[in-house]
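*Asks:*
4 protein chains.
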Amino acid sequence: MADFLWKKTDVPVDEKIMAFMAGQDVVLDRQLFVYDLQASAAHVKGLESIEILSPEEAGKLLGALTDLEDKFISGAFTLDDRFEDGHSAIESYLIEQLGELGKRVHTGRSRNDQVLVATRLLLRHRLEELQEQCLATARLCIERARATANIPMPGYTHLQRAVVSSVGMWFAAVAESFIDNAQLARDTRNWINANPLGTAAGFGVNLPLDRELTTRELGFSRMQVNPIYAQNSRGKFEIQGLSAFAQALQDVRRFAWDISLFSTSEFNFVKLPDRFTTGSSIMPNKRNPDLVELLRGAYPCVEAAIIELQSLLSLSSGYHRDLQNTKPPLLRGLEQGRAVMDIFPDLVGSLEFNEQALENAIEPAMHATDRAMELAAAGLPFRDAYRTVMNEMPELAGREASQSLDARVSPGACANLMLDELSRRLEQLQD
Amino acid sequence: MADFLWKKTDVPVDEKIMAFMAGQDVVLDRQLFVYDLQASAAHVKGLESIEILSPEEAGKLLGALTDLEDKFISGAFTLDDRFEDGHSAIESYLIEQLGELGKRVHTGRSRNDQVLVATRLLLRHRLEELQEQCLATARLCIERARATANIPMPGYTHLQRAVVSSVGMWFAAVAESFIDNAQLARDTRNWINANPLGTAAGFGVNLPLDRELTTRELGFSRMQVNPIYAQNSRGKFEIQGLSAFAQALQDVRRFAWDISLFSTSEFNFVKLPDRFTTGSSIMPNKRNPDLVELLRGAYPCVEAAIIELQSLLSLSSGYHRDLQNTKPPLLRGLEQGRAVMDIFPDLVGSLEFNEQALENAIEPAMHATDRAMELAAAGLPFRDAYRTVMNEMPELAGREASQSLDARVSPGACANLMLDELSRRLEQLQD
Amino acid sequence: MADFLWKKTDVPVDEKIMAFMAGQDVVLDRQLFVYDLQASAAHVKGLESIEILSPEEAGKLLGALTDLEDKFISGAFTLDDRFEDGHSAIESYLIEQLGELGKRVHTGRSRNDQVLVATRLLLRHRLEELQEQCLATARLCIERARATANIPMPGYTHLQRAVVSSVGMWFAAVAESFIDNAQLARDTRNWINANPLGTAAGFGVNLPLDRELTTRELGFSRMQVNPIYAQNSRGKFEIQGLSAFAQALQDVRRFAWDISLFSTSEFNFVKLPDRFTTGSSIMPNKRNPDLVELLRGAYPCVEAAIIELQSLLSLSSGYHRDLQNTKPPLLRGLEQGRAVMDIFPDLVGSLEFNEQALENAIEPAMHATDRAMELAAAGLPFRDAYRTVMNEMPELAGREASQSLDARVSPGACANLMLDELSRRLEQLQD
Amino acid sequence: MADFLWKKTDVPVDEKIMAFMAGQDVVLDRQLFVYDLQASAAHVKGLESIEILSPEEAGKLLGALTDLEDKFISGAFTLDDRFEDGHSAIESYLIEQLGELGKRVHTGRSRNDQVLVATRLLLRHRLEELQEQCLATARLCIERARATANIPMPGYTHLQRAVVSSVGMWFAAVAESFIDNAQLARDTRNWINANPLGTAAGFGVNLPLDRELTTRELGFSRMQVNPIYAQNSRGKFEIQGLSAFAQALQDVRRFAWDISLFSTSEFNFVKLPDRFTTGSSIMPNKRNPDLVELLRGAYPCVEAAIIELQSLLSLSSGYHRDLQNTKPPLLRGLEQGRAVMDIFPDLVGSLEFNEQALENAIEPAMHATDRAMELAAAGLPFRDAYRTVMNEMPELAGREASQSLDARVSPGACANLMLDELSRRLEQLQD
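Residue numbers (our numbering), protein chains in the order written: chain A, 1 to 431; chain B, 432 to 862; chain C, 863 to 1293; chain D, 1294 to 1724.
In C-alpha cells form, the structure reads like this:
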C-alpha cells in the first residue's frame, strides 16, 4: 500500500476503498511517466528562473530526474503500487535521493497540473506519430495507385456492379483519405499544443511562476493561460485527440471491409499473404483473414473511448475525481490507434490482386453510364440519353474495360488520377 | 510465443502481426477459464453419453479438468502467453497429462462454442451477483428509510427548493430503484440462460451430441437451438447483460450526484466518513469526497462498453474475428459494475445526516403547494387555488415541516412510504 | 404563442428564448396525446373515488375528455403551438368546455406525473407491438426454414466458405433470434409496467389519492410507489424500452448484411423483388437493394437515441428541465423501430433463393470438417483426424452437399433443426 | 407520390415501402436546397466551360436556378413530397421551365455528388457561423472578466471550497475555452473545405469536367480529387463538423452546470433574469432556471448524432443507401448547435452576481495554500510547509479575500488574468 502525501495520521484507511479509488492508476501512469519527468524538469528550471531554487539546487534536481528517467527506461526503477501514482513516485524518489531538497520540487505546482501537462505531452507525441503513420500510408497508396492504374476493377455502388473502375483509383482514394487524416492529426496536435504547467490546482499560485520559460522548454506553441480553463480542458483535448485517431481508424475499417469482401471466394479479387491469416481449430480447410477482421474491429475501441470521455464530462468547473477515469479510455484508445496504424501499411503493401478475376467481373452493362454520357455530350439531353441507353444494353458488349478507363478523364477519375497533386499535398504535411 | 493448434508448418509467422492478433486475449481468458473448464467437463460427459468416450476415458478427462481447475485457482497453473488462448491451454494440458486421450476432448466442438459457453456462464454468474447486490442495497435503503422517515429535507426540482420532503422518502426512492434493478438483473439472467455448447463453429456437427445433457449439467434453462444463431448471439447477450449493470450504475450515479451536492459546504446536509475522503497534494485544508466522485464517474465505462459492442456487431452472420474484440469491453464493464456494486452499500450505510442543516433549509414558501392542494380539496378550482396561494406566501411562515410530512398521505409520499410493500417485492426477488 | 399556466403577469417574455425552451415539445406531444387523455380520465376517476369530484362532475370531465380524444383522432382538434404542451392543451380544453370544473382536473397532479404516465403508456404499447412483430417474423422464418431445409448453402466463418449449411438452418437462426427478441420485449414491457400517476411533482401530495384505482384503470401491473423514484425513472425506463428495440434492429441489421452480400453479382444467392429496389439517377444499368440497405442502416438511430438518453441522465434526483430532451430521442427511436419491424417480414417473406448458384458455391473442401469428425468418432484423436484430413482434401470431391446436410444430426443443425421446439417457444410468447 | 427519375415503367411501386425509403428526405432537403442550387449553378458554368452547354444555354439555366432560389426563399416554391428529393425537384423545375434544355443539367453529375456538395456547403457555412458565435461569446466573457476581476469567489475542487478565486478568473476561463472552440471551428472548416462536385457517382465521368472552375466558383480551397474518396468521405466530414459543435456545447454544458449550482438557494451566487426562468404547474412558489437546464441538456443531441454517424459508417467503399441516414443526425445536430450558440451569449451577458453571498462563502481555511506557498518561497520545503499549515489553520482567519487575489501573480491567475493576451488571440481568429 502506497504512502499518501496528503494523508492525515488520524484517519483510518480502508483497504478495499483505497483499492477501488486507486484503480489501475499507477500502472497506467507508466505510460505518462517520462512525460511527467520532462515536465518536472521544466518546472525545476522555472523555479530556478524565479529564484525559488538556486542554480546548484536546480542542477541536483535535474540530475536526479534524469537518473530516474534512465532507471525507468532501463527497468531498474519500477513504477508500481508502492506509490499512489506516478507523481508521488517522482517526489518520493527525489526525497530519497536529495533529502530536504527533494521536498521542494512540488513548490508552486499540484498533481492537477502535473497530470495535465504529462497527458498533454503524451497526446502531442501520439498525434505526431499518427501524422507520420498517415503520411506513410498515403505515400505507399500513391505508389500502389501508380502501379495499378491500368488494372480494371468493378466500381460498386450499393455493392452492385456499377461502372468500370480501376485498382489504381481505389488505392488513390485511400491515399487521399490518409492525407486528410494526416492534416487532421497535425491540426489537432497544434490545437492541443498549449502549456497547462503552472496552473496548479486550477487557480494558479502566489508565486510569479515563469510560465513562458516552461512553455518554451516543453516545446508548446502557446501557454494555456487560465488555470480554471486548464482544469476544464481535462478530457476536452483528449476527446479531440482521439477523434483524429478515430478518423484514421474509420478509414482502416472501410479498407478492411473492402478486403474482407475482395478476399471471399465469391469476389476473389485479392490474395492475402499467409502471415496475415490463421486456421480454424475445427475446420482443417480454413485460412481466415483474421488480421483484416481485427483491423476492421479496431474502430469501436476508439469510438467508445470518446463516448466514455464525453459522458464523464458532465460536470461543473474545476477538478473532480471523476476525471481520473479519463485516463483508461484515453490510454486504451491511443494504444489501439497506434497499434493499428503501425500494422496497416504492411497490409496495404502486401495485397496481391487477381487480375483475371477482376477482369471477369466487368460486365457489358457497366459501360452504360459512359454511353449515356457520350450521348449527352453529343447534345442529347441527359435524361433522354439515360432512357436511350436502357434500351441498347446488348450493344455495350463489345466495349473493353480499358476503353472505359482511358475515357474517364474527369479530374481524379481513372484516366486522370492526379497522383502528383496528391503527392504535392502529402509533402506539404511532411515536416 | 504460443503454439497454434491450427498452424500449418509451411507458413512463416510474423511476430508483430501475431502479437497484434493475440492482443490481451490470453490474459483476459483468465476471467473465463474456470467457466471454460466447467463447460469442458460437461462436454466430456456429453461425449460419454453418446459413446464417443468410454466411462473410463471420460473419468480420466474429468479428473484432469478438475486438477487443472485446482491448480489454476491455487496459482500452480498460470494462464499466460505460452498459450494462444484459454481454450488451447486446456487442450494442451490434457494432452500433456493424458496423451492421445487428451486430443479427443475437442471432438464435436470448436473454440467458437467454447468461448460462447464460457462467456455465457460468466455473464450469468455476474448477473446473479448483481441481483444480490441490488437486493442488499435495497434492503439497506428500506432500513434507513424507516429510520429517517421523520427527518425533513427540502424536496428539489430544477435544483430549486420546491416542497418539504424527507430523508426517508429519498432513501425509499433508492430502495425502489434497486428493487427494479434486481428484477432486471434476474430477467436478463433468465433471458441469456441458454446453452450454446454443441453448436461447434456455427453449423453443428455430424455427431448426435447430447445437448440436453450438457444443458442440464451446466444449469441452463434452455438450449440455444440453432448453431448459426448461437454465433450471431455473440455480443447480443453481452449487450443486454451490460445494460442491466448500466441501469444499476446509473442509479449509483444519481445517488452520487445527490451526495456530491449534499456534502458541499453550501448544502452541508451530509457528512461522509473520513475513510471515504482524501486530501490534496497542494491544499492542506482539503478533505475531498473522492469515493463519491469515482462512483459517479463509474457509469461511462459501462455505457461505453455497450457502445463498443454495438459498434462491433455491424456484421453478417457467422463468426468473424472482429468478435474477439467483444471480450475487453465485456470484461471491463462487468468488472467495473461488480466493483461499484460491491462498495456502494458501504456508502449508503455510512452517510450521516446533519438534521439541523436540513431543517434550516426548509423555507415557508415550500408549503405553498400543500396550501394550494388544501384549497383545491375544499372545492376551489386548482388553478384558482394556485393563484390565490401566490398572493398569500407570507402566511405560510407559521407552518412546521413535520406538519407537511404528516399531511403528505398520497401513497408513496412522506406519510405513507409503503415500505412494507417495497419489502414484499424485494423478498419476491430473493431466491 | 401559447399562454402559460404558471405565468406571472409581471415577467416579460422573450420570444426567442421561449421558442428555444419550447423546442418541438408540443408537436412531439401529438404522439403522447391519447395516452395523456387516458391517464387524465383515470385521474378523474381517482378524484371521484376520494370525493374530490362528485360523480356528476367526474362524468362531465370524462365526457369532455372522450370528446377531445375523438376530435384529436378525427383531426377536428389540432395540437399545435397555441398550447405550451399537450398537458396544457387538455386543461385549456376542459376549461373552455366546462368552465370552473375544468380547472379542477389538475388537483393532485402535476405535469411531471402527467408526462411520466403518458410516456409509460406509449412505451408499453410500443413494446406490445414489438412483441407481436417479433413473433410474426419468427413464425414466418420457421415456415420458410421448413420449406428450405434441404437447400444447401455455404456456411461462412470469416466470410470464408467453411462447411455445408442450408437455407433452412439460416432461416431457423433468424426465427430463434426473434423469439428471443419477443421475450425481451415482453420482459421489458413487464418491467416498465408500473404506474407513476399520483406522484405529482416528485413528492406526492397531501391528498389520499386512490393510486390503486388508477393503477387498475390503466392496466398497470404495479404501482410505482415512490414519488422521487418516479421522477428518477424518467429516461431509465425509456432506455430499457429502446434497448429491446435495439436488439431486434440489430438482428435486422445482420440479416440485411447477409442479404446485401447474397444479392451481389458475386454471391448471387438471392433475388429481391423489384419493388424493394430502386434505380440510379446517372447509371441506367442499376437496380439497387435500397430497402435492404435502409433496414441495415436503421439500427444507429436507436443506438444513438439510447446514448442521448444516457448522456442526459447525469443529474441529481428530482425533475430537471434537461429531461424534456428525453422526448425527441425516445419518440424518434420508437418510430424507427416500429417502421422497421413493420416492413421487415415483407422482406423475409419475399426473398427468392437461386438454388443453382447456392449449389455451385459448395466446394469439396467444405466437407473436411465432416470427415475429421467421422475419423474422430471412429476413435482417432480429433487433433490427429484434423491433421489427417489436411492431407486428403482431394478425396472429398466425391461428396454431395445433401450427404453433409443429412449427417449433421447434432441438435439444431441441418438434419435436426428442431423447428417444433422453436414453434413451441414461440406459442408460449403469444398471448 | 413523387415521380422518380430512375423509374422503370414495368416495376410496380409499393407505397408503404416507398414511404419507408423516402423517410423525411425531401423535408430535410429544405435545409440543403439553396446549397444544391448554388452548386447546380457552378455545375452549369463548368459545363459551359467545356462547351457542353453554350453560353446562351448556360445563361438560361442560371436564370432559372436563380428564379427557383428566389421562389424557394420567398415561399412561392415549396419543396415537399411531390418530389423524391431536392435534387429531383431542381431538375423537374428546370425541365418545366426550359424543356429539353432542363434535361441537360444532370450531364456529368449524379445525385451522389450533388448531395455531397450541398452538404459540404451547408457544413462549411455552419462552421463559419460557429466560429463567429464562439468569438462573440469569448469577447463578451473577456469584457465581463475585466469588470469582475476583483470580485472574490470560492474556487472549488471536488465541489469543495478550496482557495480564493474570482469571478473574473472564472469568466476568463470561459473566454479562453471559446477562443479554442473558435479555432477548432476554423480548422475544421478548412479541413472539410474541399470540392466533391464532379465526382459523379463515385467514379468520375468520361467528360473533361472543369473541376478547377467549380472549386473556385463555390469558394472551396481545394478539390477533393478522388471520386471514390468523395463518396467515402460521406459522414466522415460530417462527424468532424459535429465534433467542433460538440466541443462548444460541452463548454456550454459545464457553464450551465456552474450556473445551475450557483443559482440554488444554497449557493445563491447568481441571479438569473426572469425571462430565463419559468414557473411550475403545481407549485406556486417556484421560479425555475429552465433555460440553463436546457442549455446543459443540449450536448447529448450532438454527441448522439456523432455516434449515429459513426455507427452507420461500418461499410465498404462506395455509395450505399444506408448513407441517406446520415442526413437526419447531421441536420439535427447542426440545428441544436446553432440554436444553443445563438442564445448562449445572452445568458452570459445577463448573469448578475451576488457579491455579498460570494464574500460570505470565503472561509479562512481557503488561505491555507497561499500560506504554504509563502513558507515554501521562503525556503521551507513544500512538504514541510504543507504540514506546518495544517497546524496553524486558525491563524488564517485574519486574511482578506482581496489579499489572496492580489497575491496570485502566476500568469493567468487572479492578479494576472492576461486578458490582453486572450484578446490578441481572439482577434487573430477574426477574419
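C-beta atoms are modelled at their ideal positions from N, C-alpha and C, and glycine is treated no differently.
Within the stretch 489-544 of chain B, note down every full alpha helix (DSSP H) run reaching 4 residues or more, in order along the chain.
*Replies:* Correct list: 517-529 and 531-534.
*Asks:* Does the stretch 1141-1152 of chain C come into contact with the stretch 1635-1647 of chain D, if we say contact requires no fewer than three beta-carbon pairs (one atom in each stretch) closer than 8 Å?
*Replies:* Verdict: no, contact absent.
*Asks:* Any idea which residues DSSP pairs residue 156/A with across the strands?
*Replies:* One-based indexing of the first sequence puts residue 156/A at position 156. According to DSSP, which records beta bridges pairwise, residue 156/A is partnered with 161/A.
*Asks:* Just curious, the alpha helix (DSSP H) that residue 732/B is in, first and last residue?
*Replies:* For the purposes of this step, residue 732/B is taken as residue 301 along the second sequence, with counting starting at 1. 730-743 is the span of the alpha helix (DSSP H), which, as asked, contains residue 732/B.
*Asks:* Assign residue 605/B to one of three DSSP states: helix, strand, or coil.
*Replies:* Here residue 605/B refers to the residue found at position 174 when the second sequence is read from its first residue. Helix, per DSSP.
*Asks:* Ordered along the chain, which non-local residues of its own chain (more than five positions away) have a Cβ less than 6 Å from that of residue 1410/D?
*Replies:* Counting from 1 along the fourth sequence, the entry for residue 1410/D is found at position 117. Excluding positions up to five away in sequence, the list reads 1332, 1489 and 1490.
*Asks:* By Cβ distance, which residues of its chain are closer than 6 Å to residue 1484/D, with the 5 residues on each side in sequence left out?
*Replies:* Counting from one through the fourth sequence, the residue named residue 1484/D turns up at place 191. Excluding positions up to five away in sequence, the list is empty.
*Asks:* Determine, using beta carbons only, whether residue 964/C and residue 957/C come nearer to each other than 8 Å.
*Replies:* Here residue 964/C refers to the residue found at position 102 of the third sequence. Here residue 957/C refers to the residue found at position 95 of the third sequence. Yes, the Cβ-Cβ distance between residue 964/C and residue 957/C is below 8 Å.
*Asks:* Quick one: using the 10 Å Cβ neighbour count with 16 as the cut-off for buried, is residue 1172/C buried or exposed?
*Replies:* The count along the third sequence starts at 1 and reaches residue 1172/C at position 310. Residue 1172/C should be labelled buried.
*Asks:* Can you grab the Cα-Cα spacing for the pair residue 1228/C / residue 1236/C, in whole Å?
*Replies:* For this step, residue 1228/C is matched to residue 366 along the third sequence. For this step, residue 1236/C is matched to residue 374 along the third sequence. For residue 1228/C and residue 1236/C, the distance between alpha carbons rounds to 14 Å.
*Asks:* So what does residue 352/A bridge to, in DSSP terms?
*Replies:* By 1-based counting over the first sequence, the position of residue 352/A is 352. The partner list for residue 352/A (beta bridge, DSSP) reads 271/A.
*Asks:* Have a look at residue 1345/D and residue 271/A and give me their C-alpha separation to the nearest angstrom.
*Replies:* Within the fourth sequence, the letter at position 52 stands for residue 1345/D. Within the first sequence, the letter at position 271 stands for residue 271/A. Each residue's Cα considered, the two are about 43 Å apart.
*Asks:* Helix or strand or just coil, what does DSSP make of residue 222/A?
*Replies:* Translated into the one-based positions of the first sequence, residue 222/A becomes position 222. The answer is strand: DSSP assigns residue 222/A an E or B state.
*Asks:* Please classify residue 107/A as buried or exposed, where buried requires at least 16 other C-beta atoms within 10 Å of its C-beta.
*Replies:* Along the first sequence, one-based indexing puts residue 107/A at 107. So residue 107/A counts as buried.
*Asks:* Could you check what DSSP says for residue 1295/D in three-state terms: helix, strand or coil?
*Replies:* As a working note, residue 1295/D is residue 2 in the fourth sequence. Only weak support exists for where residue 1295/D lies, its pLDDT of 47 falling under 50; the value from the coordinates is given anyway. Residue state, collapsed to three classes: coil.
*Asks:* Which word fits residue 316/A, buried or exposed, when buried means at least 16 other C-beta atoms lie within 10 angstroms of its C-beta?
*Replies:* Against the first sequence, residue 316/A aligns to sequence position 316. Classification of residue 316/A: buried, given that the 10 Å Cβ count is 16 or more.
*Asks:* Report yes or no: do three or more beta-carbon pairs, one from the stretch 885-892 of chain C and one from the stretch 940-954 of chain C, lie closer than 8 Å?
*Replies:* The stretch 885-892 of chain C vs the stretch 940-954 of chain C: in contact.
*Asks:* When you compare the CB of residue 435/A with every CB in chain C, is at least one pair closer than 8 Å?
*Replies:* This structure cannot speak to residue 435/A, because chain A is shown only from 1 to 431.
*Asks:* Starting from the Cα of residue 1084/C, find the closest Cα among 611/B, 522/B, 602/B and 802/B and give me that residue.
*Replies:* As a first step, residue 1084/C must be located in the third sequence, where it is residue number 222. Residue 611/B is the option with its Cα nearest to residue 1084/C.
*Asks:* If we cut at 8 Å on Cβ distances, does residue 1162/C have a partner in chain D?
*Replies:* Your numbering for residue 1162/C matches position 300 in the third sequence. Taking Cβ atoms only, chain D reaches closer than 8 Å to residue 1162/C, which makes this a yes.
*Asks:* By alpha-carbon positions, which one of 1393/D, 1336/D, 1520/D and 1481/D ends up nearest to residue 1492/D?
*Replies:* Residue numbering aside, residue 1492/D sits at position 199 when the fourth sequence is read from its first letter. The shortest C-alpha separation from residue 1492/D is found at 1520/D.
*Asks:* Please state whether DSSP places residue 1312/D in a helix, a strand or coil.
*Replies:* Stepping through the fourth sequence from its first residue, residue 1312/D is reached at position 19. Helix at residue 1312/D.
*Asks:* In this structure, how does DSSP classify residue 863/B when only helix, strand and coil are distinguished?
*Replies:* With chain B covering only 432 through 862, there is no way to say anything about residue 863/B.
*Asks:* Can you tell me whether residue 696/B is helix, strand or coil according to DSSP?
*Replies:* Counting from one through the second sequence, the residue named residue 696/B turns up at place 265. Looking at residue 696/B - three-state DSSP - the assignment turns out to be coil, as it is neither helix nor strand.
*Asks:* Identify the residues that DSSP records as bridge partners of residue 1028/C: which are they?
*Replies:* To locate residue 1028/C, count along the third sequence from 1; it is residue 166. For residue 1028/C, which the question treats as bridged, DSSP gives the partners 1014/C.
*Asks:* Based on Cα-Cα distance, which residue from 1588/D, 1626/D, 1438/D and 1362/D lies nearest to residue 884/C?
*Replies:* Walking along the third sequence from the start, residue 884/C turns up at place 22. Comparing Cα positions, the closest option is 1588/D.
*Asks:* Determine, using beta carbons only, whether residue 753/B comes closer than 8 Å to chain A.
*Replies:* Translated into positions along the second sequence, residue 753/B becomes position 322. Yes - at least one Cβ of chain A is within 8 Å of the one on residue 753/B.
*Asks:* In chain order, what residues of the stretch 1486-1502 of chain D put their CB closer than 9 Å to some CB of chain C?
*Replies:* Residues passing the 9 Å Cβ filter: 1493, 1494 and 1498.
*Asks:* Would you tell me roughly how many angstroms separate the C-alpha atoms of residue 1040/C and residue 1110/C, rounded to the nearest one?
*Replies:* Position 178 of the third sequence, counting from 1, holds the residue named residue 1040/C. Position 248 of the third sequence, counting from 1, holds the residue named residue 1110/C. If you take the alpha carbons of residue 1040/C and residue 1110/C, they lie about 7 Å apart.
*Asks:* Can you tell me whether residue 1334/D is helix, strand or coil according to DSSP?
*Replies:* Position 41 of the fourth sequence, counted from the start, is the residue given in the question as residue 1334/D. Helix at residue 1334/D.
*Asks:* As a quick exercise: from 1500/D, 1460/D, 1494/D and 1310/D, pick the residue whose alpha carbon is nearest that of residue 1340/D.
*Replies:* Reading the fourth sequence from its first residue, position 47 is the one you call residue 1340/D. It is 1500/D.
*Asks:* For residue 1553/D and residue 1586/D, which I take to be in contact (beta-carbon distance under 8 Å), what is that distance rounded to the nearest angstrom?
*Replies:* Start at 1 with the first residue of the fourth sequence, and residue 1553/D comes out as number 260. Start at 1 with the first residue of the fourth sequence, and residue 1586/D comes out as number 293. Correct: roughly 7 Å between the Cβ atoms.
*Asks:* If you compare alpha carbons, which of 1234/C, 1287/C and 1139/C is closest to residue 1311/D?
*Replies:* Within the fourth sequence, numbered from 1, the residue matching residue 1311/D stands at position 18. Comparing Cα positions, the closest option is 1139/C.
*Asks:* Using C-beta distances below 8 Å, list every residue in its chain close to residue 279/A, excluding the 5 sequence neighbours before and after it, in chain order.
*Replies:* For this step, residue 279/A is matched to residue 279 along the first sequence. Within the same chain, residue 279/A has close Cβ partners 286, 287 and 288.
*Asks:* Are the C-beta atoms of residue 1105/C and some chain D residue less than 8 Å apart?
*Replies:* As a position in the third sequence, residue 1105/C is number 243, starting the count at 1. Taking Cβ atoms only, chain D never reaches closer than 8 Å to residue 1105/C, which makes this a no.
*Asks:* Alpha carbon to alpha carbon, how far is residue 597/B from residue 1086/C?
*Replies:* The residue given as residue 597/B occupies position 166 in the second sequence. The residue given as residue 1086/C occupies position 224 in the third sequence. Taking the straight line joining both Cα atoms gives about 18 Å.
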